[in-house]
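Per the numbering used here, the sequence shown starts with residue 315, numbered consecutively.
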Amino acid sequence: MKISIINGPNLNLLGTREPEVYGNQNFEAYFEQLSAQYPDLTLSYYQSNVEGELINELHRVGFESDGIILNAAAYTHTSVGLGDAVKAIQAPVVEVHISNTFSREDFRHTSYITPNAKGLILGFGLDVYRLAIDSFLPS
Ligand code: DQA
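Here you go:
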């Protein structure tokens, strides 16, 4: 089973960015641990700070992955284009957020991703990525 993780803007700074909100671990180190936990899965990881590149990546993996885990970060709350891309591809998308966006500023309560996502997992720190993987596995 092939699962693709796509992270949006500023998530390349995990570990140093607002650690009180996003924790102390950088994503590369977390991704290594995660991959070791799921040796039977083909996990890939892509990050960009550029909206169009995220859309291109959704198009690229969206027809060859069994599932996509998308943290569109700030573009979640602004990007019609990313929302449309989630709708346009074949693979189911689970939207994740490290923080509980609903306990934060009002502008973070809107998502252009959720209406076209399979589901939404948020607020459990980096563990949201593991929970999203589990949501794709047969129970
Ligand atoms: C985030 C929440 C967004 O509101 C924010 O812009 C981010 C990260 C999260 O993972 O909690 O950059 O997606």
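Every residue gets a Cβ at the ideal spot worked out from N, C-alpha and C, and that includes glycine.
Provide the residue(s) that pair with S318 in DSSP beta bridges, ordered along the chain.
DSSP lists S358, I382 as partners of S318.
Look at the alpha carbon of A387 and the alpha carbon of F450, and state the distance between them as a whole number of angstroms.
Spanning the two alpha carbons is a distance of roughly 21 Å.
Proximal residues to S362 (C-beta, below 6 Å), its chain only, five neighbours per side dropped:
Within the same chain, L368 come within 6 Å of S362 by CB-CB distance, once the 5 residues on both sides are set aside.
Cα separation between Y344 and E409?
Going by the C-alpha atoms only, they are around 18 Å apart.
Which first and last residues belong to the beta strand (DSSP E) in which G433 is found?
433 to 436 is the span of the beta strand (DSSP E), which, as asked, contains G433.
Could you tell me whether the Cβ atoms of N414 and L440 are closer together than 7 Å?
For N414 and L440, no; Cβs fall outside 7 Å.
On the premise that L325 lies in contact with N385, defined as a C-beta separation below 8 Å, what is that separation, rounded to the nearest angstrom?
Indeed, because the Cβ distance is near 6 Å, the residues count as touching under 8 Å.
V394 - DSSP class collapsed to helix/strand/coil:
In the displayed model, V394 falls within a helix according to three-state DSSP.
Let me confirm a value: E334 is counted as buried when at least 16 other C-beta atoms fall within 10 Å, else exposed. Which label applies?
Exposed, because fewer than 16 other Cβ atoms sit within 10 Å of the Cβ of E334.
Between K432 and the rest of its own chain, which residues show a CB-CB distance below 7 Å, the 5 nearest in sequence each way excluded?
Hits under 7 Å: P406, V407, V408.
Three-state class that DSSP yields for E342 in the structure shown
If DSSP states are grouped into helix, strand and coil, E342 belongs with the helices.
Between the C-alpha atoms of Y389 and I382, what's the straight-line distance to the nearest angstrom?
Y389 and I382: Cα-Cα distance of roughly 16 Å.
Secondary structure at E365, three-state DSSP: helix, strand or coil?
It is helical.
Neighbourhood of G395 by C-beta, 6 Å cutoff - its chain only, sequence neighbours within 5 removed
Same-chain partners within the cutoff: I369.
Are the CB atoms of S393 and Y359 within a distance shorter than 7 Å?
No, the pair does not count as a contact, with Cβ atoms beyond the cut-off.
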